[in-house]
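Q: One structure, pasted below without further comment.
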Amino acid sequence: MTTAVFSTFKSKKSLDSWLADYAVSHQHPINKKIHWLCVPTIFASIVGMGISWQAAFTLVVLALVMLFYLRLSTTLFIAMGMFVLLCLTAVKLLPFGFKFYFAVFVVAWIGQFIGHKIEGKKPSFFDDLQFLLIGPTWVVHSLRPTKHPAD
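Numbering (this note's numbering), first residue to last: 811 to 961.
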C-alpha cells in the first residue's frame, strides 16, 4: 500500500496528459454533467467521512493529495486548496456525521456509474487508481473560461 501511495507522487505524467486520458471516457454531455455534480460531491463526502472518523489522519491524507496537485500545477493546487478548505469548513459547520457522508458518497457513486453506463465506457480509475485524484481536477479545469487541451 505504501508503495502505491508514493508511486502516485512520483508520476511524471503532465496535467494535460492526465486530463486528456480522463476526457476519453467523459465525452457524453449527460455523463459530463453527472460528473460535474458527483465528483465534487464524492470528494466532499470523503472529507466529511474522514473528519468524522479520524480527523488527524484525514488532514495528513489531504496534505499528501495537495502535494500531488502541486506537482501537477500551481494554479490547480490553489484551486483545489480552496475547494479543500470549503469542504473542511462545510464539515465543521454541518457536522452530520459519518453515516450521512457515507450515504452521500454511495448516492454520488451510483450517479457516476449511471453516467458511465450512458457513456458506454468504464470509469478511468479501473485502469489507474490515480484517476480518482484526477476527477476533481477535470471538474476544476473544465470550469475555466478558456479552452484547454483536455477538451
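By construction, the Cβ of each residue, glycine as well, lies at the ideal position given by its N, Cα and C atoms.
(1) Report buried or exposed for Leu936, applying the criterion of at least 16 other Cβ atoms within 10 angstroms of its Cβ.
(2) Could you give the distance in angstroms between the alpha-carbon of Lys822 and the alpha-carbon of Thr947?
(3) Mind checking whether Ile928 and Asn841 have CB atoms under 7 Å apart?
(4) Could you check which residue in Gly860, Ile924, Lys931, Ser855 has the C-alpha nearest to that of Ser835?
(5) Are there three or more Cβ pairs, one per stretch, closer than 8 Å when the region 896–906 is compared with the region 823–832?
(6) Mapping the DSSP letters down to three states, classify Val834 as helix, strand or coil.
(7) What runs of the alpha helix (DSSP H), each 4 residues or longer, lie entirely inside the region 834–862?
A: Checking against the coordinates, here is how it stands:
(1) Looking at the sequence provided, one finds Phe at residue 936 rather than Leu. Phe936 is exposed by the Cβ-count criterion.
(2) For Lys822 and Thr947, the distance between alpha carbons rounds to 16 Å.
(3) For Ile928 and Asn841, yes; Cβs fall inside 7 Å.
(4) Among Gly860, Ile924, Lys931, Ser855, the Cα nearest to that of Ser835 belongs to Lys931.
(5) Under the 8 Å Cβ criterion, the region 896–906 does not count as touching the region 823–832, having fewer than three qualifying pairs.
(6) In the structure shown, Val834 falls within a coil segment according to DSSP collapsed to helix, strand and coil.
(7) Qualifying alpha helix (DSSP H) stretches: none in this window.
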